[in-house]
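Residue numbers (the UniProt record's numbering): 1 to 131.
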């Protein structure tokens with residue numbers, strides 16, 4: 001399964017968020033995910049299995065419990081791939097920020113002109129209203 005297929009599922013993304021805080025027991029992960037998504041325990045187990053088999057999570061037994069953790073290596077590989085595109089997005093986001101700032105400036109100027117025009121109209125009315 002491709003990394004984006006794995007991470008495209010909101011349940012699996014949430015599980016990784018939980019595991020990012022440190023090792024979690026399968027029971028703890030299951031309880032949280034069941035409460036948030038309303039899915040069955042076997043469905044949560046299936047998501048944990050997909051994360052484990054795709055290399056995004058590791059599991060180790062501790063007595064009768066199974067502790068899951070994020071495998072940083074898989075995320076680093078994904079980050080390296082995404083890094084190829086960051087420069088392109090940085091440039092586009094910078095251009096967007098410039099356009100937004102330009103739009104704000106133009107709105108301020110238009111408001112100032114409207115305010116000046118409104119003040120001048122009020123002054124003209126006051127002068128004509130006075131006997």
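Each residue gets a CB set at the ideal place from its N, CA and C atoms; glycine is no exception.
It should be emphasised that the depicted structure is a prediction, and the values quoted were computed from it without experimental measurement.
- A distance below 7 Å between beta-carbons, with the five flanking residues on each side excluded, links residue 26 to the following residues of its chain, in chain order: 48, 66, 68.
- Residue 23 carries a coil assignment under DSSP once its states are collapsed to helix, strand and coil.
- The closest CA to that of residue 22, considering only 59, 84, 103, is found on 59.
- Exposure of residue 109 is indicated by the presence of fewer than 16 other C-beta atoms within 10 angstroms of its C-beta.
- Remark: C-beta atoms of residue 7 and residue 14 do not approach each other more closely than 8 Å.
- CA-CA distance, residue 57 to residue 51, rounds to 5 Å.
- Of the other Cβ atoms in all chains shown, 16 or more fall within 10 Å of the Cβ of residue 19; this residue is therefore buried.
- In the three-state reduction of the DSSP assignment, residue 64 falls in the coil class, being assigned neither a helical nor a strand state.
- Taking C-alpha positions only, residue 73 is separated from residue 16 by approximately 13 Å.
- Approximately 5 Å separates the beta-carbon atoms of residue 1 and residue 54; this is inside 8 Å, confirming the contact.
- With a contact defined as Cβ atoms closer than 8 Å, residue 11 and residue 37 qualify at about 6 Å.
- With 16 or more other CB atoms across the displayed protein chains lying within 10 angstroms of its CB, residue 30 is buried.
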